[in-house]
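Take a look at the structure below.
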């Protein structure tokens, strides 16, 4: 869902709930599988496999998955913190990919605004994931 703000290309990332739930219920290997299959499946459905958007999504999910795994194993962060870190690193991964693909270094100037939006979005996704996990484990 695009946010109606100055960042029209920013998405809330509701699909990341599946990755967080997989991380907390089944571990990092399952999270990596869920995240990468999700990116490939979404690209196939949209018809954008191996396009620029695919590589941007793949780079973002790779960075987000790696930091999620590190934060999860550190036992310092709750699901909220892991989600917010993942959001920030997803944006960072996409900025790195844009810089390499387009050779446009000015895009990095959007990173502060993206990080603010990623933290807010990450908190929301973390909150929703926490609620799902709480209900799932309560069964």
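In this note's numbering, the protein residues as written are 306 to 444.
A virtual CB, placed ideally from N, CA and C, is assigned to each residue, including glycine.
- Sequence-distant Cβ neighbours of residue 377 in its own chain, meaning closer than 7 Å and more than five residues away, are 328, 333, 387.
- If you compare the alpha carbons of 354, 383, 397 with that of residue 421, the shortest gap goes to 397.
- Leaving aside the five residues that flank residue 392 on each side, the residues in its chain whose CB is nearer than 6 Å to its CB run, in chain order, 423, 426, 427.
- Look at residue 405 here: in three-state DSSP terms it is helix.
- The three-state reading of DSSP puts residue 383 in coil, since its state is none of H, G, I, E or B.
- Sixteen is the threshold: when 16 or more other Cβ atoms of the shown chains lie within 10 Å of the Cβ of residue 373, as they do, the residue is buried.
- In the three-state DSSP reduction, residue 324 falls in the helix class (H, G or I).
- About 19 Å separates the beta carbons of residue 408 and residue 365, which is beyond the 8 Å limit, so they are not a contact pair.
- Nearest Cα to residue 370 within the set 437, 342, 412: 342.
- For the pair residue 356 and residue 344, the CB atoms are not nearer than the 9 Å cut-off.
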